[in-house]
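S.K.:
Residue numbers (my numbering): 902 to 1096.
1) What did DSSP end up calling residue 907 once you bin it into helix, strand or coil?
2) Grouping DSSP H, G and I as helix and E and B as strand, with all else coil, what is residue 941?
3) When you compare only the Cα positions, how much space is there between residue 1041 and residue 977?
4) Leaving out five residues before and five after residue 894 in sequence, what residues of the same chain have Cβ atoms less than 6 Å from its Cβ?
5) Within a Cβ cutoff of 7 Å, which residues of the same chain sit near residue 990, ignoring the five residues on either side of it in sequence?
6) Does the distance from the CB of residue 1052 to the CB of residue 1086 come in under 7 Å?
7) Is residue 909 buried or exposed, if buried means 16 or more other CB atoms sit within 10 Å of its CB?
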């Protein structure tokens, strides 16, 4: 009977996310040192560094969207959308390494022309789906797509970015994010050409 694997694919992806979150280059050697896995065991699970980077990014996005998308879908109107905005700091406190990866790095840092095609396709589909969910909320709430993207994504991400990766975002920012969300959602579009 064979020994149980000491490291799962997800363990290695979380280690890669932690390295990336701290701004360190994710090399196979660095991943082996950070995780305690051997280089051979890493290559047994992944074909390339590019696959690891792409999978780590997608792990973070999937984790975040598993909280964010249901919260946006559940919001019947603009006021209820505040709960969706608050998924950002709440999820970030529970998943600081994944949150750091998403808030401090760009998708292009993890997925490029060398990334396996199936991962690039999944990333494109996930991004498109998220924008569709936000767009549907904009229609329900009677607000513009831009207002909803700023209120649901830009404001809360900007707030948690002040703290990550050095510390988890404190709970006290939630009331500030909620207030900023409401201010954005209540803002009237500025008249163009007037100063």
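Yeah, the Cβ is synthetic: ideal placement off N, Cα and C, and Gly gets one too.
No experiment lies behind these values; they were computed from the predicted model shown.
M.R.: So, from the data block:
1) DSSP places residue 907 in coil when its eight states are reduced to three.
2) Shown here, residue 941 sits in a helix according to DSSP, grouped into three states.
3) The alpha-carbon atoms of residue 1041 and residue 977 are separated by roughly 6 Å.
4) Missing from the structure shown is residue 894; the chain here goes from 902 to 1096 and no further.
5) Taken in chain order, the residues that qualify are 1057, 1060, 1061, 1070, 1074, 1075 and 1078.
6) Remark: C-beta atoms of residue 1052 and residue 1086 approach each other more closely than 7 Å.
7) By the 10 Å Cβ count, residue 909 comes out exposed.
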